[in-house]
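K.L.:
Submitted below is the structure of interest, expressed as structure tokens.
Written out as structure tokens, the structure is:
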């Protein structure tokens, strides 16, 4: 029977009858449109319910009503599903397997697909506690031993992906397990790899963001952190899906992920002559050492390299070999030290495919000045991001970057009473600007002449010393501004009075380390504000009650501020709740001193730091049995035990284990250690390691 004949029979059998039809897993809108014509609509109470992994399918069925999103399963629900799949409807799990079974089910993070796949592994396993513990602890090994059991299920989602999304999805396999992936980084890498193609007038970044949202809508990617406007800041992928990505990538020769010890990096590099992308991941940050990447790092070994991500390596000097990588489309570096400065060679201007230069650290990073003998013009029309660089060193560079979207200056913004950088009105695509002044001669009169491009959406100022009225004059020229962050003397003066028309589109306002004491505002001055952040503003004792009347306001954050300001925030919440506004959140974080005093009151003991520990004598430490260690000190002590098998002092009590993310049962029995050895260890290992 043909599909047309079958559809006709179904339609006739349902005509005039009341029906309720449930359909599972509709993959695309075409399938729904084909099915829809089979169901007569006689306005007699008939209903159709279907599930889909794709939001667009649900919206096609009923565009004016949002679909119902299924939540993740609770621990109890996960266990019920796991039992049902392993033991059948009776769920007759032996009592000795209940606890370990629940732990295994919880590892699936509430995802039904993952629970079903994992349960399938245990159906044919021996029903013994030892065996279940062994398989549960080595879940990935079990998957590897029976790949078809999970690949057949997970492959369905991959098979039905559009072609342009498949490489984007498989690329998640390049990241470490449980890695929280910054969205900006993921998008940059996708573009650099060539996965994203321009669509109409949209930028590559906008297209990539749409691809990511599509993967999220298909339940293949998890959102782990959102921005103020509910945008995605970080994402991750479930362990089972990551395992699928790695297997599929190997089958299709898509990528190869190598996990090696630091000492073996050189051998990997020298054998990677055809490497197109090099992504370096490490827990914490690794100081740059020329032994890691010797001269082999430069051509011919990496002559085809297009993507270089060294975000987890701290550089004190710029590796000159990098500018020889002429195909490089993207590089991400991190520069070490609170005062160190790095100068990028002039040759970097000739890397015309480069899209992002993102530097970090507190030093002043410069771009080399033009060589006298170099008469060739440059045009970095692919460059999208440039941060953090000295404004004076890149004056001419800016005129060759017409498409830049994110720009950050750190350095002396004013030189001889004039701006160190040109007016930015010619940067028509600039959306985000950060100005961090390091000079001492920055005055409000000098900076108030800044001219910004009208499309600017995000502005961050630090140490710019603008008067409040001058700042108001500037923002009136930015009708599209959505984010404004004023940090550490960005504005001077104790009184800020806002007015109508200054912030028509502002969604996030952050005030940090300012001398403001009085704030006069009306609710219609910030008609679209969603999030207000107040940090370290000790002079401000009151949040204007009018702030609470802003209809779009969702969150007020108060960090390390005056206690009166904290009470003011709570009063606003109480007032709003009395009027039926129950969605306003107040987030309060106390100062470090207040936290320390509170813990000392709780335990009736005093806290000591590593510095205090090193400055104390053995006798003082042994006599002070009531002292509590701070979490930072505790991290170093646990690290000593982990590496060397011994533990300093017999009397210090470990506090702050929760903050340091340690479990009490891993703290070893305390054994003696001479202070001199501990002192040398701490001085030689200043990096704070993650929880062990």
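Residue numbers (my numbering): 1 to 692.
Where is the CB? At the ideal position from N, CA and C, for every residue including glycine.
Please read all numbers here as calculations on a predicted model, not as lab measurements.
Identify whether residue 660 lies in helix, strand or coil by the three-state DSSP scheme.
P.N.:
With a pLDDT of 30 at residue 660, under the threshold of 50, the modelled position of this residue cannot be trusted; read the value that follows with caution. Residue state, collapsed to three classes: coil.
K.L.:
For the 8 Å Cβ check, are there 3 or more pairs between the stretch 485-498 and the stretch 512-526?
P.N.:
At 8 Å Cβ cutoff, the stretches touch.
K.L.:
For residue 432, which residues in the same chain have their Cβ closer than 6 Å to its Cβ, ignoring the five residues on either side in sequence?
P.N.:
Answer for residue 432: 406, 458, listed in chain order.
K.L.:
In whole angstroms, what separates the C-alpha of residue 576 from that of residue 583?
P.N.:
Near 9 Å, if we compare the C-alpha coordinates of residue 583 and residue 576.
K.L.:
Can you list, in chain order, the residues of its chain whose CB lies under 8 Å from that of residue 499, leaving out five sequence neighbours each side?
P.N.:
These residues qualify, in order along the chain: 472, 525.
K.L.:
Please classify residue 20: does DSSP put it in a helix, a strand, or coil?
P.N.:
Looking at residue 20 - three-state DSSP - the assignment turns out to be strand.
K.L.:
Where does residue 168 land, buried or exposed, given buried means 16+ other C-beta within 10 angstroms?
P.N.:
So residue 168 counts as buried.
K.L.:
Cβ atoms of residue 456 and residue 430: under 8 Å apart, would you say?
P.N.:
In contact: residue 430 and residue 456 (Cβ atoms closer than 8 Å).
K.L.:
Use the C-beta contact count for residue 391: other C-beta atoms within 10 angstroms, 16 or more gives buried, fewer gives exposed.
P.N.:
Buried, since its Cβ has 16 or more Cβ neighbours within 10 Å.
K.L.:
Please report how far the alpha carbon of residue 123 lies from the alpha carbon of residue 234, in whole angstroms.
P.N.:
When rounded, the distance between both Cα atoms is 35 Å.
K.L.:
For the pair the stretch 216-233 and the stretch 175-195, tell me if three or more CB-CB distances fall below 8 Å.
P.N.:
The stretch 216-233 is in contact with the stretch 175-195.
K.L.:
Which of helix, strand or coil does DSSP assign to residue 11?
P.N.:
Helix at residue 11.
K.L.:
DSSP beta-bridge partners for residue 411?
P.N.:
437.
K.L.:
Tell me whether residue 384 sits in a helix, a strand or coil according to DSSP, three-state version.
P.N.:
Note: residue 384 maps to coil in three-state DSSP.
K.L.:
Return yes when the C-beta of residue 482 is under 7 Å from any heavy atom of the ligand ATP, and no when it is not.
P.N.:
By its list of ligands, the structure shown contains no ligand whatsoever, and the ligand ATP lies outside what it can speak to.
K.L.:
Which residues in the same chain have their Cβ closer than 6 Å to the Cβ of residue 562, if we skip the five residues on either side of it in sequence?
P.N.:
For residue 562, where only same-chain residues beyond five positions count, the Cβ hits under 6 Å are 538, 541.
K.L.:
Less than 8 Å between the C-beta atoms of residue 61 and residue 32, yes or no?
P.N.:
Yes, Cβ-Cβ distance for residue 61 and residue 32 is below 8 Å.
K.L.:
Rounded to whole angstroms, how far is the Cβ of residue 358 from the Cβ of residue 393, which I believe are closer than 8 Å?
P.N.:
The pair is not a contact, with the Cβ atoms about 16 Å apart (cut-off 8 Å).
K.L.:
Quick test of the definition: if touching needs 3 or more C-beta pairs under 8 Å, does the stretch 81-89 touch the stretch 103-115?
P.N.:
These segments touch.
K.L.:
Out of curiosity, what's the CA-to-CA distance linking residue 410 and residue 226?
P.N.:
Rounded to the nearest angstrom, the two C-alpha atoms are 27 Å apart.
K.L.:
At what residue ranges does the stretch 426-511 contain a whole run of the alpha helix (DSSP H), taking only runs of 4 or more?
P.N.:
Listed in chain order, they are 444-447, 468-475.
K.L.:
At a cut of 8 Å, does the stretch 244-253 reach the stretch 542-551 through at least three beta carbon pairs?
P.N.:
Flag = no, the stretch 244-253 and the stretch 542-551 do not touch.
K.L.:
Please confirm whether residue 587 and residue 553 have their CB atoms less than 8 Å apart.
P.N.:
Contact flag unset, no.
K.L.:
Residues in the same chain with beta-carbon distance under 6 Å from residue 557, minus the five sequence neighbours each way, listed in chain order, please.
P.N.:
Counting only Cβ-Cβ distances below 6 Å, and skipping sequence neighbours, we find 533, 587.
K.L.:
When DSSP builds the beta bridges, which residues end up paired with residue 532?
P.N.:
Answer is 509, 556, bridged to residue 532.
K.L.:
Look at the Cβ atom of residue 497, then the Cβ atom of residue 520, and state whether they are nearer than 8 Å.
P.N.:
Yes; because the gap between Cβ atoms is below 8 Å, this pair is in contact.
K.L.:
For residue 98, count the other beta carbons within 10 Å of its own beta carbon; 16 or more makes it buried, fewer makes it exposed. Which is it?
P.N.:
Classification of residue 98: exposed, given that the 10 Å Cβ count is below 16.
K.L.:
Alpha carbon to alpha carbon, how far is residue 422 from residue 395? Give it in angstroms, no decimals.
P.N.:
Going by the C-alpha atoms only, they are around 7 Å apart.
K.L.:
Looking at the secondary structure, which residues open and close the beta strand (DSSP E) in which residue 519 lies?
P.N.:
It spans 518-520 - the beta strand (DSSP E) in which residue 519 sits, taken as one unbroken run.
K.L.:
Using a Cβ-Cβ cut-off of 6 Å (strictly less than) and excluding sequence neighbours within five positions of residue 518, which residues of its own chain qualify?
P.N.:
So the qualifying residues of the chain are 495.
K.L.:
I need the boundaries of the alpha helix (DSSP H) containing residue 108, first residue and last residue.
P.N.:
Taken as a continuous stretch (DSSP letters only), residue 108 belongs to no alpha helix (DSSP H), as it is neither H nor E.
K.L.:
Leaving aside the five residues before and after residue 585 along the sequence, list all residues of the same chain whose C-beta is less than 7 Å from its C-beta, in chain order.
P.N.:
Only 554, 555 meet the Cβ criterion.
K.L.:
Taking residue 454 as the reference, which of 461, 462, 428 has the closest Cα?
P.N.:
Residue 454 has its Cα closest to that of 428, out of 461, 462, 428.
K.L.:
Assign residue 604 to one of two classes, buried (16 or more other C-beta atoms within 10 Å of its C-beta) or exposed (fewer than that).
P.N.:
The predicted position of residue 604 is uncertain, since its pLDDT is 47 and thus under 50; a value taken from the coordinates is nonetheless stated next. Residue 604 comes out exposed.
K.L.:
Suppose only complete runs of 4+ residues qualify. What are the alpha helix (DSSP H) ranges in the stretch 33-85, listed by chain order?
P.N.:
Entirely contained in the stretch 33-85, the alpha helix (DSSP H) runs reaching 4 residues are, in chain order, 55-61.
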